[in-house]
Amino acid sequence: MKSPRDLKAVAVEYGKKSAPSVIAKVSGLEAKQMIDLALEAEKPVIHDPGLVAAMDGLDLNDEIPEELYFSVAVVLSWVFWLRGESPK
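If you want it as structure tokens, here you go:
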């Protein structure tokens, strides 16, 4: 695993807007804390440095751009599957 100072993390929400949106974006120790809190809360955590890098230019509350729809859809479908749910 990377050193905490090199970590980046992005949290995405789906369902309140027409496309998934960024609800948190942190780096360094804050990224480690966000990941640890998500794991403690039994939230899915996906390790995908390429996707995080692609989202690096997005701001808080930005919708995911079309070129990332497929990648984010794969992640979200996995999350729904883990929860035994389907997207609404």
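Per the numbering used here, the very first residue in the sequence shown carries number 1; after that it's consecutive.
Beta carbons are placed, not taken as given, at the ideal position from N, Cα and C, and that holds for glycine.
Nearest to G84 by alpha-carbon distance, out of V10, K8, S71, P44, is P44.
Between L76 and Y14, the C-beta gap is smaller than 7 Å, which places the two residues in contact. As DSSP reads the structure, S27 sits in a beta bridge with K8. According to DSSP, residue pairing for E63 in a beta bridge involves S21. Secondary structure of E13 (DSSP, three-state): strand. Only residues of its own chain outside the window of five on either side were considered, and among them V22 have a CB closer than 6 Å to the CB of L58, listed in chain order. The Cβ atoms of V52 and V10 lie closer than 7 Å to each other. About 18 Å separates the CB atoms of V26 and P20; that is not less than 8 Å, and the two are not in contact. Uninterrupted beta strand (DSSP E) stretches at least 3 residues long and entirely within the stretch 27-57 do not occur.
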